[in-house]
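Written below as structure tokens is the structure these notes are about.
In structure tokens:
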């Protein structure tokens with residue numbers, strides 16, 4: 001078994017060498033990828049892949065990066081090079097896990113390489129940045145971030161323990177094959193939010209009773225991107241996209257956007273998808289005092305101390321309807337849109353804070369008007385969390401899956 005360490009040997013030779021020694025003491029092979037640019041690597045560690053080779057893998061040279069002396073450019077280039085090398089090593093079967101350690105620079109470089117590897121390959125980053133906003137580093141991948149507590153600058157009683165813990169954790173992950181019972185069943189991805197949980201639970205139970213495997217993704221921006229990336233990789237055979245709320249954040253400016261490509265992967269891959277309008281009544285922000293001043297007069301619901309929800313307006317909902325319908329029109333595989341006419345979330349029903357029939361109708365009208373003839377259109381006179389609605393979703397995606405030969 002082999003662990004790849006991505007680090008900058010011009011600044012972190014001691015620390016990388018220590019991590020290597022811990023891993024080798026566990027009987028593992030170690031492949032060091034040197035991503036340092038400005039200085040020469042320390043003599044204590046001889047990398048298997050040199051910084052020169054990393055730069056060349058990115059289509060540049062170490063000399064050019066040094067001459068330009070642009071830190072941002074150098075980090076981007078070395079990230080591209082480390083990514084290409086990690087992908088090659090994985091394809092060759094000589095990469096069983098990746099360990100990175102460093103500050104903001106090598107965290108960017110090493111996690112770029114990690115994000116290019118499939119879900120399930122162990123990935124662990126020891127970083128001074130791990131207690132802050134890690135989304136840019138982790139993205140939609142299963143990267144474990146370990147805060148270094150102190151700066152990674154020399155070996156001491158604290159850094160030795162933390163680096164050793166990281167190396168031993170990596171050793172445990174790569175040396176022990178998980179006892180996972182993998183059944184050859186068609187797999188359906190489902191999107192969920194807290195306010196669509198009852199719907200997803202019922203639909204998931206029905207689908208699993210029929211013999212499908214289901215994977216549920218939390219529609220938090222990264223959750224939607226993670227789902228779409230697994231669709232592109234062929235891990236998923238069908239999509240039950242109950243919760244399309246990330247598009248509200250993308251349009252209005254919330255904090256849980258999945259980007260403008262959301263709702264494209266299933267259509268591009270031509271796999272069955274059944275889509276609904278879950279939680280399109282809300283835009284997500286952090287604590288109440290973090291909401292931008294421009295929205296001060298809007299309607300809010302404090303979900304918890306860290307999450308503030310803002311009600312979408314009829315105008316925003318109409319635009320959302322047009323966007324979503326167009327995404328579905330572009331799909332190349334079996335596609336259905338299922339509308340819950342009495343509420344799109346747990347707080348968009350009569351008596352709850354976001355109940356707004358006018359806003360919902362603006363959404364539904366825009367969808368009806370824009371949707372093409374190739375997309376099946378189903379309307380159900382219930383709210384999204386009613387069992388009747390969930391069962392309609394499950395039956396529809398089941399029918400589509402069977403039509404294309406994915407019979408559980």
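In the working numbering, the protein residues as written are 1 to 408.
Just so it is clear, CB atoms sit at the ideal spot from N, CA and C, and this is done for glycine as well.
Starting from residue 339 and walking both ways along the alpha helix (DSSP H), at which residues does that stretch end? Your numbering for residue 339 matches position 339 in the chain shown. From DSSP, residue 339 is part of no alpha helix (DSSP H) but of the beta strand (DSSP E) over 335 to 340.
Pick from 49, 10, 383 that is closest to residue 4, judged by C-alpha positions: Counting from one through the chain shown, the residue named residue 4 turns up at place 4. Scanning 49, 10, 383 for the CA closest to the CA of residue 4 turns up 49.
What's the gap between the Cα of residue 406 and the Cα of residue 209? Residue mapping note: residue 406 aligns to position 406 of the chain shown, counting from 1. Residue mapping note: residue 209 aligns to position 209 of the chain shown, counting from 1. Cα to Cα, residue 406 sits roughly 15 angstroms from residue 209.
Anyone know if the C-beta pair for residue 341 and residue 376 falls short of 7 angstroms? As a first step, residue 341 is located in the chain shown; it is residue number 341 there, counting from the start. As a first step, residue 376 is located in the chain shown; it is residue number 376 there, counting from the start. For the pair residue 341 and residue 376, the CB atoms are not nearer than the 7 angstroms cut-off.
Starting from the Cα of residue 251, find the closest Cα among 284, 71, 16, 275 and give me that residue. Taking the chain shown and counting its residues from 1, one reaches residue 251 at position 251. Minimum Cα distance to residue 251 is reached at 284.
Nearest-angstrom Cα distance between residue 16 and residue 9? As a position in the chain shown, residue 16 is number 16, starting the count at 1. As a position in the chain shown, residue 9 is number 9, starting the count at 1. Between residue 16 and residue 9, the alpha-carbon positions lie close to 7 angstroms from each other.
Sort out for me which residues DSSP pairs residue 191 with in a bridge. Numbered from its first residue, the chain shown carries residue 191 at position 191. Residue 191 pairs with 217.
Residue 98 versus 170, 213, 47, residue with shortest Cα-Cα distance: Position 98 of the chain shown, counted from the start, is the residue given in the question as residue 98. Nearest option by C-alpha distance: 170.
Is it the case that the Cβ atoms of residue 219 and residue 191 are separated by a distance below 7 angstroms? Looking up residue 219 in the chain shown gives position 219. Looking up residue 191 in the chain shown gives position 191. Closer than 7 angstroms, so yes.
I need the straight-line Cα distance from residue 126 to residue 108, nearest angstrom please. To locate residue 126, count along the chain shown from 1; it is residue 126. To locate residue 108, count along the chain shown from 1; it is residue 108. Distance between the alpha carbons of residue 126 and residue 108 is about 12 angstroms.
Between which two residues does the beta strand (DSSP E) holding residue 144 run? Locating residue 144 in the chain shown gives position 144, where the first residue counts as 1. Its beta strand (DSSP E) spans residues 144 to 147.
Quick test of your reading: residue 122 and residue 174, contact by CB under 8 angstroms. State the CB separation rounded to the nearest angstrom. Reading the chain shown from its first residue, position 122 is the one you call residue 122. Reading the chain shown from its first residue, position 174 is the one you call residue 174. That pair is a contact at about 6 angstroms.
Length at least 3, wholly inside the region 17 to 97: the beta strand (DSSP E) runs in chain order: With a minimum length of 3 residues, the continuous beta strand (DSSP E) runs that stay inside the region 17 to 97 are 29 to 34.
For chain C, is any of its Cβ atoms less than 7 angstroms away from the one on residue 354? Given the protein chain composition of this structure (a single chain), no chain C is represented.
Going by beta carbon distance, what residues of the same chain come within less than 6 angstroms of residue 299, once the five residues before and after it are set aside? As a first step, residue 299 must be located in the chain shown, where it is residue number 299. Excluding positions up to five away in sequence, the list reads 311.
How many whole angstroms separate the CB atoms of residue 384 and residue 199, which I take to be in contact at a CB cut-off of 8 angstroms? Position 384 of the chain shown, counted from the start, is the residue given in the question as residue 384. Position 199 of the chain shown, counted from the start, is the residue given in the question as residue 199. That belief holds up - the Cβ atoms of residue 384 and residue 199 are roughly 5 angstroms apart, short of 8 angstroms.
What's the gap between the Cα of residue 292 and the Cα of residue 257? Counted from its first residue, the chain shown places residue 292 at position 292. Counted from its first residue, the chain shown places residue 257 at position 257. Pairing residue 292 with residue 257, the inter-Cα distance amounts to about 16 angstroms.
Below 6 angstroms CB to CB, which residues in the same chain sit around residue 317 once its five sequence neighbours on both sides are set aside? As a first step, residue 317 is located in the chain shown; it is residue number 317 there, counting from the start. The beta carbon of residue 317 lies closer than 6 angstroms to those of 359, 362, 363 in the same chain, with the five residues before and after it left out.
Go through the region 295 to 333 residue by residue and report every complete run of the alpha helix (DSSP H) that reaches 4 residues or more, in order. Correct list: 314 to 329.
Could you check the C-alpha separation between residue 7 and residue 14 for me, to the nearest Å? Walking along the chain shown from the start, residue 7 turns up at place 7. Walking along the chain shown from the start, residue 14 turns up at place 14. Rounded to the nearest angstrom, the two C-alpha atoms are 11 angstroms apart.
How many angstroms separate the CA atom of residue 354 from the CA atom of residue 176? Position 354 of the chain shown holds residue 354. Position 176 of the chain shown holds residue 176. If I take the Cα positions, the gap works out to 49 angstroms.
As assigned by DSSP and simplified to three states, the class of residue 278: Locating residue 278 in the chain shown gives position 278, where the first residue counts as 1. Here residue 278 sits in coil by DSSP.
Given a cut-off of 7 angstroms, decide if residue 93 and residue 57 are closer than it, judged by their beta-carbon atoms. Within the chain shown, residue 57 is the residue found at index 57, counting from 1. Within the chain shown, residue 93 is the residue found at index 93, counting from 1. No, they are not a contact pair.
From what residue to what residue does the alpha helix (DSSP H) around residue 363 run? In the chain shown, counting from the first residue as 1, residue 363 sits at position 363. Looking at the DSSP string, the run of the alpha helix (DSSP H) that includes residue 363 is 357 to 370.
Three-state secondary structure assigned by DSSP to residue 125: Looking up residue 125 in the chain shown gives position 125. Per DSSP, reduced to three states, the secondary structure at residue 125 is strand.
Residue 285 in three-state terms, based on DSSP: The residue you call residue 285 lines up with position 285 of the chain shown. The answer is strand: DSSP assigns residue 285 an E or B state.
Contact under 7 angstroms by Cβ, residue 152 with residue 102: Mapped onto the chain shown, residue 152 falls at position 152. Mapped onto the chain shown, residue 102 falls at position 102. Taking 7 angstroms as the Cβ cut-off, residue 152 and residue 102 qualify as a contacting pair.
Just how far apart, CA to CA, sit residue 225 and residue 140? Position 225 of the chain shown, counting from 1, holds the residue named residue 225. Position 140 of the chain shown, counting from 1, holds the residue named residue 140. Within the model, the alpha-carbon separation for residue 225 versus residue 140 is close to 6 angstroms.
Which of the three DSSP states, helix, strand or coil, is assigned to residue 159? By one-based count along the chain shown, residue 159 stands at place 159. Of the three classes helix, strand and coil, the one that applies to residue 159 here is helix, per DSSP.
Exposed or buried, residue 304, counting other C-beta atoms within 10 Å across all chains shown (16 or more means buried)? On the chain shown, residue 304 is found 304 positions in, with the first residue counted as 1. With fewer than 16 Cβ atoms within 10 Å of its Cβ, residue 304 is classed as exposed.
May I have the straight-line CA-CA distance separating residue 32 from residue 195, to the nearest angstrom? Your numbering for residue 32 matches position 32 in the chain shown. Your numbering for residue 195 matches position 195 in the chain shown. A straight line joining the alpha-carbon of residue 32 with that of residue 195 spans about 46 angstroms.
Assigned exposure category for residue 332 - 16 Cβ within 10 Å defines buried: The residue labelled residue 332 in the question sits at position 332 within the chain shown. Label assigned to residue 332: exposed.
Can you give me the Cβ contacts of residue 40 inside the same chain, cut-off strictly under 7 angstroms, excluding the 5 residues immediately before and after it? Stepping through the chain shown from its first residue, residue 40 is reached at position 40. So the list reads 10, once near-sequence residues are dropped.
Give the straight-line distance between the Cα atoms of residue 347 and residue 84, rounded to the nearest whole angstrom. Position 347 of the chain shown, counted from the first residue, corresponds to residue 347. Position 84 of the chain shown, counted from the first residue, corresponds to residue 84. Answer to the nearest angstrom: the Cα atoms are 46 angstroms apart.
Considering only their Cβ atoms, is the gap separating residue 188 from residue 238 smaller than 7 angstroms? Sequence index remark: in the chain shown, residue 238 carries index 238 (1-based). Sequence index remark: in the chain shown, residue 188 carries index 188 (1-based). Yes, the Cβ-Cβ distance between residue 238 and residue 188 is below 7 angstroms.
Every unbroken beta strand (DSSP E) inside the region 223 to 281 [3 residues or more]: Counting only runs of 3+ residues, the beta strand (DSSP E) found wholly inside the region 223 to 281 occupies 238 to 241, 273 to 275, in chain order.
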